[in-house]
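Position one of the sequence shown corresponds to residue 2 (the working numbering), numbered consecutively onward.
Yeah, the Cβ is synthetic: ideal placement off N, Cα and C, and Gly gets one too.
Reviewing the structure listed below.
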Amino acid sequence: MRLEVILPKKLLFDTKKIARAIENGLDGAAKDVKVDFDVTTQTWKSRPEFKIESQPGERKVFTDNDIYRFITRGTRVRYATMSADFQPKTRPLFIGSNKGRGGVVRISKLHPRPGIKAREYEQTIGAKWRKLLPKILQRAIDAEL
């Protein structure tokens, strides 16, 4: 993502203040992004842990949980047969998690089922924050200067 920050011309030389404002804005935004990811698993029994990795000018929010990866990116096949009343806790392109219903009846490699439809959390949350981040960083810079 490319951002263009608007700064008052007389303050362009104060790079320490600008860098501090950007880093603080990125820290706050990363925490908010982490909350969005946490919300997608709020009704799960075994919730994955999301972490924030920081480098200057960059923040990464991630998890190494395989189940979460299967849900967000989808699968071609699955080996679990679900109960007739099964209703998933999550749905594609929705940042959230509901109660759901039913569960696994059996797991068998001999009877593959259609795969899991991708929830696309990474893309959905990314699109949301691509719109919000420029305003957040501009506000942080304005407050600092």
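C-alpha distance - residue i paired with residue j, whole-angstrom precision
{"i": "F51", "j": "I96", "result": "15 Å"}
{"i": "I142", "j": "G127", "result": "22 Å"}
{"i": "E123", "j": "I23", "result": "23 Å"}
{"i": "F63", "j": "R107", "result": "30 Å"}
{"i": "W45", "j": "K90", "result": "8 Å"}
{"i": "R60", "j": "S109", "result": "40 Å"}
{"i": "L146", "j": "R77", "result": "51 Å"}
{"i": "K18", "j": "A144", "result": "10 Å"}
{"i": "V36", "j": "D15", "result": "32 Å"}
Environment of residue i [buried if 16+ CB atoms lie within 10 Å]
{"i": "S84", "result": "exposed"}
{"i": "T73", "result": "buried"}
{"i": "P49", "result": "buried"}
{"i": "S98", "result": "buried"}
{"i": "G103", "result": "exposed"}
{"i": "V34", "result": "buried"}
{"i": "G26", "result": "buried"}
{"i": "T41", "result": "buried"}
Residue i versus the options, residue with shortest Cα-Cα distance
{"i": "S47", "options": "I53, R21 and D39", "result": "D39"}
{"i": "I68", "options": "R131, L133 and A119", "result": "A119"}
{"i": "Q56", "options": "R131, A20, F87 and R79", "result": "A20"}
{"i": "Q43", "options": "G101, L146 and K17", "result": "G101"}
{"i": "L94", "options": "Q88, F87, K129 and D65", "result": "K129"}
{"i": "R92", "options": "D65, T125 and N66", "result": "T125"}
{"i": "V105", "options": "D86, T82 and D65", "result": "T82"}
Notebook entry, point to check: If you scan the segment 34 to 120 from start to end, which runs of the alpha helix (DSSP H) of 4 or more residues do you find wholly inside it?
Noted result: 67 to 74
Note to self: Check whether the segment 130 to 141 and the segment 19 to 32 are in contact - that is, three or more C-beta pairs closer than 8 Å.
What the structure shows: yes
Note to self: Counting beta carbon pairs with one atom in the segment 102 to 114 and one in the segment 60 to 75, are three or more of them shorter than 8 Å?
What the structure shows: no
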